[in-house]
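Student:
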Amino acid sequence: MLDHLIFNKLKWFNVADNADNVKANGRSFYALPSKIKLTNDDVTLWTVNGGGLPYTFDSGQVFDVIGAYKNTYNENGKKRYIVSYSYSNQDYILSVSESNCTPIWGGVKPY
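Shown next, in the form of structure tokens:
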């Protein structure tokens, strides 16, 4: 009974389970994986603010995704994931093209 009352109070949008984006109230929202795994060797990632040196990683490296953006520089409309990386007590914010990685979808587990 309580579930029914709560459900009727919330504003819901009909979104397909396999949708990677949705438009609501005139805005576009995109699904992001919780992590990505590099699929190519010697992938160079740059710091987002451009203030640091590039870092090179091999395939299999996993990063936590904290955001994404569409790159307008020679990416042909591909997303760039914003990822976090920690090394030697330093935290870095890096970006990687979706063409160099595969998403790892976490999602919310049902209870």
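Numbering follows the working numbering, in which position 28 of the sequence shown is assigned residue number 519; successive positions increment by one, without gaps. Cβ coordinates follow ideal geometry from the N, Cα and C atoms, glycine included.
So if DSSP puts S519 in a beta bridge, which residue, or which two residues, is it bridged to?
Tutor: According to DSSP, which records beta bridges pairwise, S519 is partnered with K514.
Student: Tell me the residue span of the beta strand (DSSP E) that contains W596.
Tutor: Careful: W596 lies outside any beta strand (DSSP E) and carries neither H nor E.
Student: Put S590 into one of helix, strand or coil per three-state DSSP.
Tutor: Looking at S590 - three-state DSSP - the assignment turns out to be helix.
Student: Secondary structure at L585, three-state DSSP: helix, strand or coil?
Tutor: Three-state result, L585: strand.
Student: Using alpha carbons as the reference points, say which of N509, A510, I584 lies closest to A559.
Tutor: Answer by Cα proximity: I584.
Student: Report yes if the C-beta distance between D555 and V574 is below 9 Å; otherwise report no.
Tutor: For D555 and V574, yes; Cβs fall inside 9 Å.
Student: Does the separation of the CB atoms of V587 and L529 fall below 9 Å?
Tutor: Yes.
Student: Since L529 is in the beta strand (DSSP E), which residue starts that stretch and which ends it?
Tutor: Looking at the DSSP string, the run of the beta strand (DSSP E) that includes L529 is 526 to 529.
Student: From D582 to A522, what distance separates their C-alpha atoms?
Tutor: In a straight line, the C-alpha of D582 is about 24 Å away from that of A522.
Student: Figure out for me which residue from N516, K514, N531, A510 has the closest Cα to the Cα of V553.
Tutor: Nearest C-alpha to V553: N531.
Student: Skipping 5 residues on each side, what residues in its chain have a beta carbon closer than 7 Å to that of S519?
Tutor: Same-chain partners within the cutoff: N512.
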